[in-house]
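S.K.: Below is one structure. I have some questions about it.
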Amino acid sequence: MQWMDVCSVADLQENSGVCALVNGLQVAIFYLPTDELAVYAISNYDPIGKANVLSRGIVGDINGHKVVASPLYKQHFDLQTGACLEDDTVTVPIYACQINGGRVQVDTRLVAPLRQLIENSTNTKQEVVSA
Amino acid sequence: MSIKQTLVVIGNGMVGQHFLASLVASPAKDQYDIVTFCEEPRPAYDRVHLSAFFSGTTAKELSLVEDGFFEQHNITLHLGDKAASIDRAAKIVTSAKGVTIHYDKLVLATGSYPFVPPVAGHDRAQCLVYRTIEDLEAMAAAAKTGKVGTVVGGGLLGLEAAKALKDLGLETHIVEFAPRLMAVQLDEAGGAMLRRKIEDLGVIVHTGKNTSLITDGETCINKMCFADGEELETDIVLFSAGIRPRDDIARACGLEVGQRGGIVIDNDCKTSDADIYAIGECALWNGMIYGLVAPGYAMARTAVANLTGEAGSFTGADMSTKLKLMGVDVASIGDAHARSQGAMVYSYQNGADEIYKRLVVSADGKQLLGAVLVGDASGYSTLLQYCLNGIELPENPDALILPHRSDESVGLGPDALPVSATICSCYNVTKGKLCTAIEAGCTTMDGLKKETQAATGCGGCAALVKSVLNSELAKQGVEVNTDLCEHFAYTRQELHTLVRVEQIKTFHELLIKHGKGLGCEICKPTVGSILASQWNEHILGKDHTALQDTNDNFLANIQKDGTYSVVPRIAGGEISPDMLIALGQVGKKYKLYTKITGGQRVDLFGATLEQLPLIWKELIDAGFESGHAYGKSLRTVKSCVGSSWCRYGVDDSVGLAIELENRYKGLRSPHKIKFAVSGCTRECAEAQSKDIGIIATENGWNLYVCGNGGMKPRHADLFATGLDKETLIKTIDRVLSFYVRTADRLQRTSVWMENMEGGLDYLKSVIIDDKLGLGEQLEEQMQHVIDTYQCEWKTTIEDKSKLKRFHHFINSDGTDDNVVFVEERGQIRPARDDERKHFNLVEVA
Numbered sequence: 022m023q024w025m026d027v028c029s030v031a032d033l034q035e036n037s038g039v040c041a042l043v044n045g046l047q048v049a050i051f052y053l054p055t056d057e058l059a060v061y062a063i064s065n066y067d068p069i070g071k072a073n074v075l076s077r078g079i080v081g082d083i084n085g086h087k088v089v090a091s092p093l094y095k096q097h098f099d100l101q102t103g104a105c106l107e108d109d110t111v112t113v114p115i116y117a118c119q120i121n122g123g124r125v126q127v128d129t130r131l132v133a134p135l136r137q138l139i140e141n142s143t144n145t146k147q148e149v150v151s152a
Numbered sequence: 124m125s126i127k128q129t130l131v132v133i134g135n136g137m138v139g140q141h142f143l144a145s146l147v148a149s150p151a152k153d154q155y156d157i158v159t160f161c162e163e164p165r166p167a168y169d170r171v172h173l174s175a176f177f178s179g180t181t182a183k184e185l186s187l188v189e190d191g192f193f194e195q196h197n198i199t200l201h202l203g204d205k206a207a208s209i210d211r212a213a214k215i216v217t218s219a220k221g222v223t224i225h226y227d228k229l230v231l232a233t234g235s236y237p238f239v240p241p242v243a244g245h246d247r248a249q250c251l252v253y254r255t256i257e258d259l260e261a262m263a264a265a266a267k268t269g270k271v272g273t274v275v276g277g278g279l280l281g282l283e284a285a286k287a288l289k290d291l292g293l294e295t296h297i298v299e300f301a302p303r304l305m306a307v308q309l310d311e312a313g314g315a316m317l318r319r320k321i322e323d324l325g326v327i328v329h330t331g332k333n334t335s336l337i338t339d340g341e342t343c344i345n346k347m348c349f350a351d352g353e354e355l356e357t358d359i360v361l362f363s364a365g366i367r368p369r370d371d372i373a374r375a376c377g378l379e380v381g382q383r384g385g386i387v388i389d390n391d392c393k394t395s396d397a398d399i400y401a402i403g404e405c406a407l408w409n410g411m412i413y414g415l416v417a418p419g420y421a422m423a424r425t426a427v428a429n430l431t432g433e434a435g436s437f438t439g440a441d442m443s444t445k446l447k448l449m450g451v452d453v454a455s456i457g458d459a460h461a462r463s464q465g466a467m468v469y470s471y472q473n474g475a476d477e478i479y480k481r482l483v484v485s486a487d488g489k490q491l492l493g494a495v496l497v498g499d500a501s502g503y504s505t506l507l508q509y510c511l512n513g514i515e516l517p518e519n520p521d522a523l524i525l526p527h528r529s530d531e532s533v534g535l536g537p538d539a540l541p542v543s544a545t546i547c548s549c550y551n552v553t554k555g556k557l558c559t560a561i562e563a564g565c566t567t568m569d570g571l572k573k574e575t576q577a578a579t580g581c582g583g584c585a586a587l588v589k590s591v592l593n594s595e596l597a598k599q600g601v602e603v604n605t606d607l608c609e610h611f612a613y614t615r616q617e618l619h620t621l622v623r624v625e626q627i628k629t630f631h632e633l634l635i636k637h638g639k640g641l642g643c644e645i646c647k648p649t650v651g652s653i654l655a656s657q658w659n660e661h662i663l664g665k666d667h668t669a670l671q672d673t674n675d676n677f678l679a680n681i682q683k684d685g686t687y688s689v690v691p692r693i694a695g696g697e698i699s700p701d702m703l704i705a706l707g708q709v710g711k712k713y714k715l716y717t718k719i720t721g722g723q724r725v726d727l728f729g730a731t732l733e734q735l736p737l738i739w740k741e742l743i744d745a746g747f748e749s750g751h752a753y754g755k756s757l758r759t760v761k762s763c764v765g766s767s768w769c770r771y772g773v774d775d776s777v778g779l780a781i782e783l784e785n786r787y788k789g790l791r792s793p794h795k796i797k798f799a800v801s802g803c804t805r806e807c808a809e810a811q812s813k814d815i816g817i818i819a820t821e822n823g824w825n826l827y828v829c830g831n832g833g834m835k836p837r838h839a840d841l842f843a844t845g846l847d848k849e850t851l852i853k854t855i856d857r858v859l860s861f862y863v864r865t866a867d868r869l870q871r872t873s874v875w876m877e878n879m880e881g882g883l884d885y886l887k888s889v890i891i892d893d894k895l896g897l898g899e900q901l902e903e904q905m906q907h908v909i910d911t912y913q914c915e916w917k918t919t920i921e922d923k924s925k926l927k928r929f930h931h932f933i934n935s936d937g938t939d940d941n942v943v944f945v946e947e948r949g950q951i952r953p954a955r956d957d958e959r960k961h962f963n964l965v966e967v968a
């Protein structure tokens, strides 16, 4: 893994999102303090509204899926898969993200199934790339 | 194609117009060339609500004819021209102005004229009648110089006329020949209760008075002398002692008329000449003249059915009535006087609340024959259904009129009604017709109204229509789920109550106690709004930030490209040149697109997240404050320039608008709220299209509520008239607090009103009569919001922790490279997709 340090946990907004610039790409990072994974990262670009706004959406759950609702037209995007609940032809990229020693880190290799990365990462030595 | 026949309609009153509207909606419209004569200078208007003319309603609003109706349906209208004679042999109608028209079919809808008793002096100056808008104008003119007005006649119309005199500011008397008011409809006790209530309103009632002479007065223009020797000084004498059919034109051409007047008609509404119909108050059916509008409408529909070759007959009409006379609910059903053989009477009298109810039941106690309700007519629909449909009464019929202070309901459920029961008598809609429409897919109140016209006339049956709808839907297995979302099995109204009663201060607490899951974009902003209107903490407080929609979250309005617009408050639309310049300078400095809004302020577009605090720092330094354009909250109070400058202005609309905007600014509500204040009835501020509209009159402020422009325009309802400022503000406090408590999520006041059971009358009873005893609570709630107001932007720019979010990136000072503008008409706008690929991009600030 190539973890890049983007900010401190204190910079995050509880139960809400922020946007980080990672290798020139806009990544929306959502912080759910009581959740087992605590942080989720997806692309900040809303492919339906065509603007970089997803980090400003409201976070919640719909039928057990953790989602963010686009602030433009309110479609839901699954934080774990990137799928749009209203339109199955639309998906947004998801990114690996973690909290490590009070710092928030995003995998710079980007675009990879979250679960798999998390599972792999438990056995991999972490390499931190600073911003 | 056959040659069209000519159909002439004499009279364009309420019934004549209903006939035309029914005809053009029928397949027969193409069979006839239609010509109509209207003696008055304006086409049909609502005579039933004539007295509203004096509480601010205009002649145009009273009109029953949609703009372009006659042109659209190719109807030739001879306005201000009276049909003078009929030549039945030649089939020709000749008008007063000399127009002659040949007819194939003729409809007489000549209506009635006010009966003026042949008292000596009845034709003196200021002795008037009450029937047309011209009569009202004469009354208004007479009221300018007079102080005292007297209505002769204490029936339905007489009481309406008395209200008109009262609204004109006159000392008002009612003189009635019979020993009680509304003698036809009410029994003695009911009449007495009505009298008490009317006298409470400041009207002086004289019953059992026979006027013998009208002559010169000493302190007033006229003096009425009564047979018992008493006298009454009055300036205006207004005759409202009943109506007489206008049958002179029928009489002159030899049609059969009744002994005491009225054009004789059969069940088809045909006169003694098979080509001539008569409908409405001019017609005599089975020895009866019907002086109500509903039977007239029924006759009109019968005549249309006959002309189109369909079956249809008029077989009499129910004369039951329910109305509000001078704010007093009065209803009379069937045999109110218990004249039927063996009839038994139950009555209930409540002196403290001034309520009187009486039931007349059959000898076996099983059928309801009649009823009288004064002071509380809420049971009217149920009782009328019992009476009209012969539904068997409960074992103890008095339960229907006794106050039920527990929760048990004695109302008649929709299932108890037969399919043939008439639910809406204005448009003759039966329960069967409603059920058919519901089965065919009308599953909303709106849809059902459109499809069947039910509840679109007087609206009195709306609650019953709704309960039929709900009951039918339940039968179809359609469960009406009113849960806010999957996280809360409550309505917004219920959540509001939970928050208030349990003093809940955060979303988290509410979710733990009453919800499940994480929440979503439905419940979070809803609860955020409830918390804000109840406790009024800063919406970007630690526990509240994550609840807010992006607009509230960044205190600005998101646009399609993810940039925001900024709207500072310009209360009442009043702004000094210096402030305008300051605004312009900010717009120029940050290269913002600038546009004037519909709410009389300025919108600055194209601000990025990082610019918002900088822009607001400058605006606040210049003296501006947040305009809350981003919130579901009070937006603007629009105003016309008012009496300070305008030649016609009656009061200071700008001053009031500014005061109101400053009072209610920051109030979070189920949806946005817009106000307007007009300085006179010309209504330049368009107050009647607002949630709260205020219009200055010479007697004080008139308050309108629940109007809307936008997607589904709704004319606001007149709520109260002639208010002083203190009462006005108190009333608005209550209305808004009640809206905040009870409306659904994102429900504007217009829809709130449309869906409210009991509608306008109910809202008035809660707000004005304080029926629920909530008045003070509602005012206190508003006062709390007012006392805790803060400019959300000022607080935000002074608080570093709140400013943290106003950067596009958490880890970079860079900006969003997807935001690109092009220039158009000298200002920026977001680039379109096709433009992004090319060039001409303007750099952001």
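Taken in order, these protein sequences are the chains called F and W.
Be aware that the first sequence starts at 22, since it is given in the numbering used here, and climbs by one per residue.
Be aware that the second sequence starts at 124, since it is given in the numbering used here, and climbs by one per residue.
The beta carbon of each residue, even a glycine, is placed where N, CA and C say it ideally should be.
#1: Just confirm the distance between the C-beta atoms of V125/F and V43/F, as a whole number of angstroms; I'd bet it's less than 8 Å.
#2: Is there a Cβ of chain F sitting closer than 8 Å to that of F932/W, yes or no?
#3: If G830/W sits next to S812/W, beta carbons under 8 Å apart, how far is it from one beta carbon to the other, in whole angstroms?
#4: Apart from the five residues just before and just after T295/W, which ones in its own chain have a Cβ nearer than 6 Å to its Cβ?
#5: N73/F versus chain W: which residues are under 7 Å apart at the beta carbon?
#6: Using a threshold of 8 Å, state whether the C-beta atoms of L231/W and A375/W are closer than that.
#7: Per DSSP, which one or two residues make a beta bridge with F98/F?
#8: From Q950/W to D726/W, what does the alpha carbon distance come to, in whole angstroms?
#9: With which residues is I372/W paired in a DSSP beta bridge?
#10: For A799/W, tell me which candidate among W768/W, G695/W, A752/W, I224/W has the shortest Cα-Cα distance.
#11: Skipping 5 residues on each side, what residues in its chain have a beta carbon closer than 6 Å to that of V275/W?
#12: Throw me the rounded Cβ distance for the G79/W and L492/W pair, which I believe falls under 8 Å.
#13: Give the straight-line distance between the Cα atoms of M316/W and V484/W, rounded to the nearest whole angstrom.
#14: Using a Cβ cut-off of 8 Å, pull out every chain W residue sitting near L46/F, in sequence order please.
#15: Along the stretch 25-52 of chain F, what residues have a CB closer than 7 Å to any CB found in chain W?
#16: Please report whether the beta-carbon of T844/W lies at a distance below 8 Å from any beta-carbon of chain F.
#17: Contact between the stretch 447-467 of chain W and the stretch 493-500 of chain W: three or more CB pairs below 8 Å?
#18: Less than 8 Å between C-beta atoms, sequence neighbours within five positions excluded: which residues of the same chain meet that for S529/W?
#19: When you compare only the Cα positions, how much space is there between V132/W and V147/W?
#20: Once the 5 residues before and after V252/W are set aside, which same chain residues still bring their CB inside 6 Å of it?
#21: Starting from Q47/F, trace the beta strand (DSSP E) in both directions and tell me its first and last residue.
#22: Rounded to whole angstroms, what's the CA-CA distance from R786/W to Q913/W? Just pull it up for me.
#23: Go to Y503/W, then tell me how far its alpha helix (DSSP H) extends in each direction, as first and last residue.
#24: By DSSP, does E644/W sit in helix, in strand, or in coil?
#25: Do N659/W and V908/W have their CB atoms nearer than 8 Å?
#26: Near E341/W, what residues of its chain come up, given a Cβ to Cβ distance below 8 Å and the 5 sequence neighbours on each side ignored?
#27: Mapping DSSP to helix, strand and coil, what is K289/W?
#28: Measure the alpha-carbon distance for P691/W versus L678/W and round it to whole angstroms.
#29: If you run the structure through DSSP and keep just helix, strand and coil, what is T566/W?
#30: Quick one: complete beta strand (DSSP E) runs, 3+ long, within the stretch 658-737 of chain W?
#31: Decide if the stretch 866-878 of chain W is in contact with the stretch 842-854 of chain W; the criterion is three or more beta carbon pairs, one per stretch, under 8 Å apart.
#32: Does R955/W pass the burial test, meaning 16 or more other C-beta atoms within 10 Å, or should it be called exposed?
#33: What residues in its chain sit with their C-beta under 7 Å from that of L100/F, if we drop five residues either side in the sequence?
#34: For H141/W, count neighbouring Cβ atoms within 10 angstroms of its own Cβ and tell me buried if that reaches 16, exposed if not.
#35: Tell me whether the beta-carbon of D939/W lies closer than 8 Å to the beta-carbon of T731/W.
#36: Alpha helix (DSSP H) containing V454/W: first to last residue?
M.R.: Put simply:
#1: Walking along the first sequence from the start, residue 125/F turns up at place 104. Walking along the first sequence from the start, residue 43/F turns up at place 22. That pair is no contact at about 11 Å.
#2: By 1-based counting over the second sequence, the position of residue 932/W is 809. Yes, F932/W lies at the interface with chain F (some Cβ there is under 8 Å from its Cβ).
#3: As a first step, residue 830/W must be located in the second sequence, where it is residue number 707. As a first step, residue 812/W must be located in the second sequence, where it is residue number 689. Contact holds; Cβ gap of about 5 Å.
#4: Position 172 of the second sequence holds residue 295/W. Once the five neighbours on either side are set aside, the close Cβ partners of T295/W are G272, A285, L288, K289, V326.
#5: Here residue 73/F refers to the residue found at position 52 when the first sequence is read from its first residue. The answer, in chain order, is G685, D939, N941.
#6: One-based indexing of the second sequence puts residue 231/W at position 108. One-based indexing of the second sequence puts residue 375/W at position 252. Cβ atoms of L231/W and A375/W: not closer than 8 Å.
#7: Walking along the first sequence from the start, residue 98/F turns up at place 77. Note: F98/F sits in a beta bridge opposite V89/F, C105/F.
#8: If you number the second sequence from 1, residue 950/W lands on position 827. If you number the second sequence from 1, residue 726/W lands on position 603. Looking at the two C-alpha atoms, the distance is approximately 13 Å.
#9: If you number the second sequence from 1, residue 372/W lands on position 249. According to DSSP, which records beta bridges pairwise, I372/W is partnered with nothing at all.
#10: To locate residue 799/W, count along the second sequence from 1; it is residue 676. Nearest Cα to A799/W within the set W768/W, G695/W, A752/W, I224/W: G695/W.
#11: Here residue 275/W refers to the residue found at position 152 of the second sequence. The answer, listed in chain order, is V298, F362, A364.
#12: Residue 79/W lies beyond the stretch modelled for chain W, which goes from 124 to 968, so this question has no answer here.
#13: As a working note, residue 316/W is residue 193 in the second sequence. As a working note, residue 484/W is residue 361 in the second sequence. Rounded to the nearest angstrom, the two C-alpha atoms are 22 Å apart.
#14: Numbered from its first residue, the first sequence carries residue 46/F at position 25. Those do not exist, as L46/F stays about 11 Å from chain W at its closest Cβ, beyond 8 Å.
#15: V27, C28, D32, Q34, E35, N36, S37, V39, C40, A41, L42
#16: In the second sequence, the residue the question calls residue 844/W occupies position 721. Closer than 8 Å: no.
#17: yes
#18: The residue given as residue 529/W occupies position 406 in the second sequence. For S529/W, the predicted structure reports a pLDDT of 40, less than 50, and the residue's modelled location is therefore unreliable. A value from the coordinates is still provided. None.
#19: Looking up residue 132/W in the second sequence gives position 9. Looking up residue 147/W in the second sequence gives position 24. Distance between the alpha carbons of V132/W and V147/W is about 13 Å.
#20: Indexing the second sequence from 1 puts residue 252/W at position 129. Cβ within range, chain order: P237, D258, F362.
#21: Within the first sequence, residue 47/F is the residue found at index 26, counting from 1. Segment 46-52, the beta strand (DSSP E) holding Q47/F.
#22: The residue given as residue 786/W occupies position 663 in the second sequence. The residue given as residue 913/W occupies position 790 in the second sequence. Cα to Cα, R786/W sits roughly 12 Å from Q913/W.
#23: The residue labelled residue 503/W in the question sits at position 380 within the second sequence. Per DSSP, Y503/W belongs to the alpha helix (DSSP H) from 503-512.
#24: Counting from one through the second sequence, the residue named residue 644/W turns up at place 521. Here E644/W sits in coil by DSSP.
#25: By one-based count along the second sequence, residue 659/W stands at place 536. By one-based count along the second sequence, residue 908/W stands at place 785. Between N659/W and V908/W, the C-beta spacing is below 8 Å.
#26: The residue given as residue 341/W occupies position 218 in the second sequence. Only E356 meet the Cβ criterion.
#27: To locate residue 289/W, count along the second sequence from 1; it is residue 166. Of the three classes helix, strand and coil, the one that applies to K289/W here is helix, per DSSP.
#28: Reading the second sequence from its first residue, position 568 is the one you call residue 691/W. Reading the second sequence from its first residue, position 555 is the one you call residue 678/W. Approximately 11 Å between the Cα atoms of the pair.
#29: Sequence index remark: in the second sequence, residue 566/W carries index 443 (1-based). Correct three-state label for T566/W: coil.
#30: Those beta strand (DSSP E) runs which fall completely within the stretch 658-737 of chain W and span 3+ residues are 687-689, 716-719, 725-730.
#31: no
#32: Residue numbering aside, residue 955/W sits at position 832 when the second sequence is read from its first letter. It is exposed - the Cβ of R955/W has fewer than 16 other Cβ atoms within 10 Å.
#33: In the first sequence, counting from the first residue as 1, residue 100/F sits at position 79. Counting only Cβ-Cβ distances below 7 Å, and skipping sequence neighbours, we find F51, Y61, I63, K87, V88, V89.
#34: The residue you call residue 141/W lines up with position 18 of the second sequence. Per the 10 Å Cβ criterion, buried.
#35: For the purposes of this step, residue 939/W is taken as the residue at position 816 of the second sequence. For the purposes of this step, residue 731/W is taken as the residue at position 608 of the second sequence. Going by C-beta atoms, D939/W is nearer than 8 Å to T731/W.
#36: Sequence index remark: in the second sequence, residue 454/W carries index 331 (1-based). The sequence shown places Ala at residue 454/W, rather than the Val named in the question. Run containing A454/W: none in the alpha helix (DSSP H); it sits in the beta strand (DSSP E), 451-457.
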